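A quick write-up on the structure given underneath.
There are 2 protein chains.
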Amino acid sequence: MPRLPTDPALYFDAHFFVCTNRRPDGHPRGSCAGSGSEKLRDYAKARAKELGIRGLRVNGAACLDRCELGPTMVIYPEGIWYHARTAEDIDEILITHLQGGGRVERLMLQPDQKSL
Amino acid sequence: MPRLPTDPALYFDAHFFVCTNRRPDGHPRGSCAGSGSEKLRDYAKARAKELGIRGLRVNGAACLDRCELGPTMVIYPEGIWYHARTAEDIDEILITHLQGGGRVERLMLQPDQKSL
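Chains Y and E, in that order, are what the protein sequence lines are.
For the first sequence, the UniProt record's numbering begins at 1 and goes up steadily by one.
For the second sequence, the UniProt record's numbering begins at 1 and goes up steadily by one.
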């Protein structure tokens with residue numbers, strides 16, 4: 001839903017949610033924690049601090065319901081979804097998107113995307 | 001950060017994150033789960049389905065870092081924060097904000113707010 005002219009300022013300039021849902025091994029949908037997302041969340045938190053990115057909150061999230069595309073993450077308020085697997089992927093999202101205001105096209109998920 | 005003209009459509013029209021972080025009893029900051037947020041999340045999920053609100057995802061979240069104001073929740077992409085304690089509070093957020101596009105002023109948190 002759109003913001004209204006009377007809405008207060010954002011509390012976080014960027015709120016970066018990393019799915020850390022875990023399903024049992026062998027579950028047909030898989031899960032983001034099963035694909036290593038907890039380490040990616042920890043790395044993103046530490047690296048964001050190291051880079052001095054202000055106004056950013058890196059946040060764990062329960063199931064974001066796009067398990068087939070995991071590890072998944074979404075950045076608000078812009079609503080851009082990413083699939084990231086490595087520390088290098090996280091670095092690129094932090095530096096290009098969250099510090100630079102750009103997009104990491106090679107890692108972005110499209111709204112109609114059902115598989116990797 | 002703002003959306004860019006080339007950004008894809010949103011995957012969820014509204015993404016409603018409910019903090020379900022739990023700290024040990026007696027912790028000075030308290031915690032949202034300690035204030036009953038897990039039941040509120042479950043209620044919000046069931047009630048949103050019952051109301052037939054389309055394009056909405058009710059999502060558990062790890063610590064949103066506004067523990068003193070808990071139970072806290074935030075709706076994106078608009079970035080509006082709420083403090084809710086009861087099923088009636090959740091109903092009002094679902095019906096007025098998420099179904100009607102309005103705001104529940106009595107439950108909204110302001111960016112500079114430090115206490116309830």
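Virtual Cβ for every residue (Gly too), placed ideally from N, Cα, C.
For clarity, every value in this text was computed on a predicted model and none was experimentally measured.
Asked: Output the residue ranges of the beta strand (DSSP E) runs that lie fully inside the region 35–68 of chain Y and measure 3 residues or longer, sorted by chain position.; Found: 56–61
Asked: Kindly indicate which residue of E:Gln110, E:Gly30, E:Glu78 and E:Leu10 has the alpha-carbon position closest to the one of residue 119 (chain E).; Found: There is simply no residue 119 (chain E) to check, as chain E begins at 1 and stops at 116 in what is shown.
Asked: Is Asp89 (chain E) close to chain Y? Criterion is C-beta to C-beta, closer than 8 Å.; Found: no
Asked: Could you tell me if Ala87 (chain E) is buried or exposed, where buried requires 16 or more neighbouring beta carbons within 10 angstroms of its beta carbon?; Found: exposed
Asked: Do Leu51 (chain Y) and His83 (chain Y) count as a contact pair if the criterion is CB distance below 8 Å?; Found: no
Asked: State yes or no: is the beta carbon of Asp42 (chain E) nearer than 8 Å to at least one beta carbon in chain Y?; Found: no
Asked: Is Gly101 (chain E) close to chain Y? Criterion is C-beta to C-beta, closer than 8 Å.; Found: yes
Asked: Between the beta-carbon of Phe16 (chain Y) and the beta-carbon of Ile95 (chain Y), is there less than 8 Å?; Found: no
Asked: Could you check if Thr6 (chain E) is buried or exposed, using at least 16 other CB atoms within 10 Å of its CB as the buried criterion?; Found: exposed
Asked: Could you give the first and the last residue of the continuous alpha helix (DSSP H) run that contains residue 155 (chain Y)?; Found: Outside the shown range of chain Y, which is 1 to 116, sits residue 155 (chain Y), and nothing can be said about it.
Asked: Would you decide whether Asp89 (chain Y) is buried or exposed? Buried here means 16 or more other CB atoms lie within 10 Å of its CB.; Found: buried
Asked: Is there a Cβ from chain E that is less than 8 Å from the Cβ of Pro28 (chain Y)?; Found: no
Asked: Roughly how many angstroms separate the alpha carbons of His27 (chain Y) and Asn21 (chain Y), rounded to a whole number?; Found: 12 Å
Asked: DSSP on Thr96 (chain Y), reduced to helix/strand/coil?; Found: helix
Asked: If we ignore side chains and look at the alpha-carbon of each, how far apart do Arg23 (chain Y) and Ser35 (chain E) end up?; Found: 26 Å
Asked: Over the uninterrupted beta strand (DSSP E) stretch that includes Thr72 (chain Y), give me the two end residues.; Found: Thr72 to Tyr76
Asked: Mapping the DSSP letters down to three states, classify Ala9 (chain Y) as helix, strand or coil.; Found: coil
Asked: Within the continuous beta strand (DSSP E) that includes Val18 (chain Y), where are the two ends?; Found: Ala14 to Cys19
Asked: Could you give the distance in angstroms between the alpha-carbon of Ala44 (chain Y) and the alpha-carbon of Asp91 (chain Y)?; Found: 8 Å
Asked: Assess, as a yes-or-no matter, whether the region 54–61 of chain E is touched by the region 59–76 of chain Y under the definition of 3 or more beta carbon pairs within less than 8 Å.; Found: yes
Asked: For a contact meaning CB atoms closer than 7 Å, what does Met1 (chain E) contact in chain Y?; Found: Asp13, Ala14, Glu78 and Gly101
Asked: Can you tell me the Cα-Cα spacing of Arg103 (chain E) and Met1 (chain Y), whole angstroms?; Found: 11 Å
Asked: For His83 (chain E), which beta-bridge partners are listed by DSSP?; Found: E:Thr72
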